[in-house]
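The listed protein sequences derive, respectively, from chains A and B. When you line the first sequence up against our numbering, it's residues 75 to 184, in that order. When you line the second sequence up against our numbering, it's residues 75 to 184, in that order. The structure under discussion appears below in the form of structure tokens.
2 protein chains.
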Amino acid sequence: MLTVDQTNGLAEMFRLLGEPNRLSIVASCLDGPLSVGAITSRLGLSQSLVSHHLRLLRAARLLKAGRRGKRIFYSIADWHVREMLTNMIEHLAEPHEHDEEGIMETGANP
Amino acid sequence: MLTVDQTNGLAEMFRLLGEPNRLSIVASCLDGPLSVGAITSRLGLSQSLVSHHLRLLRAARLLKAGRRGKRIFYSIADWHVREMLTNMIEHLAEPHEHDEEGIMETGANP
DNA sequence: GGAACATATGAACACGTGTTCATAGGTTAC
DNA sequence: GTAACCTATGAACACGTGTTCATATGTTCC
Numbered sequence: 075m076l077t078v079d080q081t082n083g084l085a086e087m088f089r090l091l092g093e094p095n096r097l098s099i100v101a102s103c104l105d106g107p108l109s110v111g112a113i114t115s116r117l118g119l120s121q122s123l124v125s126h127h128l129r130l131l132r133a134a135r136l137l138k139a140g141r142r143g144k145r146i147f148y149s150i151a152d153w154h155v156r157e158m159l160t161n162m163i164e165h166l167a168e169p170h171e172h173d174e175e176g177i178m179e180t181g182a183n184p
Numbered sequence: 075m076l077t078v079d080q081t082n083g084l085a086e087m088f089r090l091l092g093e094p095n096r097l098s099i100v101a102s103c104l105d106g107p108l109s110v111g112a113i114t115s116r117l118g119l120s121q122s123l124v125s126h127h128l129r130l131l132r133a134a135r136l137l138k139a140g141r142r143g144k145r146i147f148y149s150i151a152d153w154h155v156r157e158m159l160t161n162m163i164e165h166l167a168e169p170h171e172h173d174e175e176g177i178m179e180t181g182a183n184p
């Protein structure tokens with residue numbers, strides 16, 4: 075179904091988005107390019123921490139960086155990333171099917 | 075844009091899928107319910123490891139469990155999870171836009 | 001040139017977590 | 001009942017990683 079490389083690549087992407095601060099950074103870039111300072115103040119994180127995270131996100135091609143003057147603006151890398159994120163976020167709003175949390179019987183068992 | 079709870083919840087989900095073995099387990103369940111033993115032998119992981127991961131995935135409502143005889147079958151929890159996963163996997167196949175990896179100029183800068 | 005601002009980088013630390021080993025719990029067949 | 005099978009659980013450990021602090025790099029304005 076999935077090759078090992080595909081699995082590792084996909085997992086790596088998930089892993090990066092699996093950290094709340096990093097996810098916040100990426101999510102905040104959905105509206106449009108943001109400078110490091112803007113992200114820092116908007117999320118209330120330290121400048122150093124934001125920069126470290128940005129490096130990882132940029133290396134993984136989730137974000138891309140563009141300099142304008144002395145500031146550097148980060149934005150969603152491409153259409154794919156944007157699509158995936160908006161898809162995931164859409165799913166947050168939709169209703170949840172509520173199954174039992176324990177083990178349940180699966181169909182017929184004669 | 076996103077509440078703190080939404081962010082944490084989404085990140086938690088990403089975090090779980092961010093581990094290759096766990097992602098493999100979930101992905102293998104896309105075809106249909108699989109017993110623990112089936113997953114174990116299919117992925118070549120230890121039974122204990124698979125069980126530990128399954129507990130996390132079940133707790134996060136990514137997978138659901140159903141007993142049939144002495145075996146317990148795990149399957150994708152609901153339509154949402156299935157949709158998200160298939161969406162992500164679809165994006166793997168589609169072409170990538172290739173941008174520079176470093177910092178690039180962003181539009182006009184007089 | 002230098003000062004002020006914006007971002008990046010490196011080291012160090014605390015903490016979570018993926019894995020293994022051994023063992024327990026539960027289910028069917030005899 | 002017991003034996004054989006399947007799954008879950010707990011402890012222990014090695015390892016990665018998120019965060020902070022201090023410092024370096026780079027850019028604009030004087």
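All C-beta atoms in this analysis are idealised placements derived from N, C-alpha and C, irrespective of residue type, glycine included.
Measuring alpha carbon to alpha carbon, tell me which of A:Ile99, A:Val78, A:Thr81 ends up nearest A:Lys138.
A:Ile99
Drop a sphere of 10 angstroms on the beta-carbon of A:Met75, count the other beta-carbons inside from all chains shown, and report buried for 16 or more, exposed for fewer.
exposed
Pop quiz: B:Ser149 and B:Pro107 are said to be a contact at Cβ under 8 Å. What is the actual Cβ separation, rounded to whole angstroms?
4 Å
Would you say the beta carbon of B:Gly92 comes nearer than 7 Å to a heavy atom of the ligand ZN?
With respect to small molecules bound, the structure shown includes none, and the ligand ZN cannot be examined in it.
Could you give the DSSP three-state label for A:Leu137: helix, strand or coil?
strand
Closer than 8 Å at the beta carbon, the chain B residues around A:Ser102
Met75
Are any of the Cβ atoms in chain A nearer than 8 Å to that of B:Leu84?
yes
Neighbour-count burial assignment, B:Val78, 16 or more Cβ in a 10 Å radius:
exposed
Beta-carbon gap between B:Ser102 and B:Leu117 smaller than 8 Å:
yes
Just by C-beta distance, which residues in the segment 89-122 of chain B are closer than 9 Å to chain A?
Arg89, Leu90, Leu91, Gly92, Glu93, Pro94, Asn95, Arg96, Leu97, Ser98, Ala101, Ser102, Leu104, Asp105, Pro107
With distances taken from CA atoms, which of B:Trp153, B:Glu157, B:Arg135 is nearest B:Glu86?
B:Arg135
Across which residues does DSSP place B:Arg89 in a beta bridge pair?
Paired residue(s): none; B:Arg89 is not in a bridge.
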